[in-house]
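One structure is given below, encoded as structure tokens.
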Amino acid sequence: MNERLLYSKQMEDKYINKIAGFYKQRKRMPSYAEIAELFGFRSKNAAFKLVNKLVDQKLLKKDRKGRLLPGEMFGSLKVLGFVEAGWPSPAEEELLDTMTLDEFLISNKEATYMLTVKGDSMKDAGIISGDLVLVERTNDAKDGNIVVAEVDGEWTMKYLRKRGKEIYLEPANKKYSKIIPKETLKIAAVVKAVIRKY
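Sequential numbering of the sequence shown, starting at 0, is according to numbering that gives the first Met the number 0.
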């Protein structure tokens, strides 16, 4: 006898929150047997039905072997409204959307990684020691991009400047001078975002 799966929007939230909690605690997705145990199903058949329903809703994903992958909602944050950066105004909470930091910050996941900043040469660009910078691996950078580059065998992060035939790196701190390569300048990555925990 097939076990009946109860499903509604309220139940959907309960299901996804429990699976997300498992994922957060174990750093992996549950097996079908573990899903059955998680929700008190008597058989794995109900777990299969639930997973297929959540996949249809794009809340979960499967790989080619049918193993579970976390869906977009697992890392999503609510966008609740706007905040004034000028004159103060009453904050109004309104759910505008949800987004993942991945989809907001990353366009090419395979080429994206993070680096920890050391030093103060980019402080006037709002990048200070201890910050994390999200960078995308590329050697195609434009004038004004903040880049990670190898200059004459040494690595640094600076503004890329192109002035006619002259190409150099410029810090965002008046204590430091611009860096004009003597022999080589290789662009390794472009900075896409700065992450700082308060």
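A virtual CB, placed ideally from N, CA and C, is assigned to each residue, including glycine. Predicted model only: the values in this text are computed from it and were never measured.
Asked	Found
Nearest neighbour of tryptophan 154, chosen from Asp130, Gly129, Gly118 and Gly20 [CA to CA]	Gly118
Selection from Ala171, Lys141 and Lys174 that minimises the alpha carbon distance to arginine 162	Lys141
Selection from Lys60, Ser42 and Asn44 that minimises the alpha carbon distance to isoleucine 18	Lys60
Per DSSP, cross-strand counterpart(s) of lysine 185	Glu149
For isoleucine 112, the nearest candidate out of Ile194, Met28 and Lys23 (CA to CA)	The residue you asked about is not isoleucine; residue 112 is tyrosine in the sequence shown. The candidate whose alpha carbon is nearest that of tyrosine 112 is Ile194.
Local conformation of leucine 58 per DSSP, three classes	coil
Neighbourhood of proline 170 by C-beta distance below 6 Å, restricted to the same chain and skipping five residues each side	Ser120 and Lys157
Assigned secondary structure, methionine 121 (DSSP; H/G/I helix, E/B strand, else coil)	coil
Closest by C-alpha distance to glutamate 11, when choosing among Leu58, Lys185 and Ala32	Leu58
Segment limits, beta strand (DSSP E) that includes isoleucine 166	165-169
Whole-angstrom distance between glutamate 149 and leucine 67, CA atom to CA atom	40 Å
Residues near isoleucine 166 by beta carbon distance below 8 Å, same chain, minus five either side	Leu159, Arg160, Pro180 and Leu184
CB of valine 134 within 7 Å of CB of valine 190, strictly	yes
Supposed contact pair proline 69 and tyrosine 31 - C-beta distance, whole angstroms, cut 8 Å	About 16 Å; that fails the 8 Å criterion.
Reduced DSSP category for arginine 66 - H, G, I as helix; E, B as strand; rest coil	coil
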